[in-house]
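*Asks:* Going by the working numbering, the sequence shown runs without a break in its numbering and finishes at 1029.
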Amino acid sequence: VIFLFRHALSALRFKVGEIDEPVKLKSLQLTNIYTAGECSFVEDAGAPVFAWTPTGSKVNYTQQFLDFGNLASSQELTTNENNRVFMMVPQTLDSDAALVLSLDADGNEHGDYRPYENLTVKFSQLSLTSWDPHKQYTFTLNIPSEVEVAVTDKMEGNVKSEMNVQNTGLSSAYVRVAIV
């Protein structure tokens, strides 16, 4: 007798891609998602599949990472060994469903500027519209060494004044500007 096993839930894993500076992960939070639902086992084109109908209200689900040190490039944050794989109810993700990373950048000497203390990414920004049963989704955190900046100024005739250059990216690097 041959048995076909399929997982009824969706697995979410998180890992670190490239990171060039000391940052600690405090928590990962999934916002505006369902954590309960009704599951039925149906046949689709001759293949058995799980069908889910989410129930209840949308909630926020948080996993703490207080025992982690500084993040390292290529580090797996959620593994079966550390019991931190998010096993979620399969569902269609609304435009308000998001991932919130709470990071501690206190190891950086950049004054009060904390570019990624609470980084929010909507799943719709990642072109992800659903979590399907028996699927694994892996999200990779990259903190680039390049700096994105916003420049504002005031121009009257040939005179430029009130110039402001602000780091708006994910890197907490200092911004140095040479104006010629």
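From the three backbone atoms N, C-alpha and C, an ideal C-beta is built for every residue, glycine too.
Remember, it's a predicted structure, so these values are computed and weren't measured experimentally.
Give every residue of the same chain whose Cβ lies closer than 6 Å to the Cβ of M1012, excluding the five residues on either side of it in the sequence, and list them in chain order.
*Replies:* Result list for M1012: D1002, in chain order.
*Asks:* Going by alpha carbons, who is nearest to T941 out of Q878, I851, G886, K1009?
*Replies:* Comparing Cα-Cα distances from T941 to each of Q878, I851, G886, K1009, the minimum goes to G886.
*Asks:* Excluding the 5 residues preceding and the 5 following Y962 in the sequence, name in chain order all residues of the same chain whose CB lies nearer than 6 Å to its CB.
*Replies:* In this prediction, Y962 scores a pLDDT of 49, lower than 50, which makes its location untrustworthy; no coordinate-derived value is stated.
*Asks:* Could you check how far apart the C-beta atoms of A947 and K971 are, in whole angstroms? I think they sit under 8 Å.
*Replies:* With 8 Å as the limit, A947 and K971 qualify as a contact, their Cβ atoms being about 5 Å apart.
*Asks:* Mapping DSSP to helix, strand and coil, what is Q924?
*Replies:* DSSP places Q924 in coil when its eight states are reduced to three.
*Asks:* Output the distance between the C-alpha atoms of D893 and A900, rounded to the nearest integer angstrom.
*Replies:* For D893 and A900, the distance between alpha carbons rounds to 10 Å.
*Asks:* Under a three-way DSSP split, which group does S973 fall into?
*Replies:* Helix.
*Asks:* Excluding the 5 residues preceding and the 5 following L853 in the sequence, name in chain order all residues of the same chain whose CB lies nearer than 8 Å to its CB.
*Replies:* Contacts found: P897.
*Asks:* Consult DSSP for G886 and reduce its assignment to one of helix, strand or coil.
*Replies:* Strand, per DSSP.
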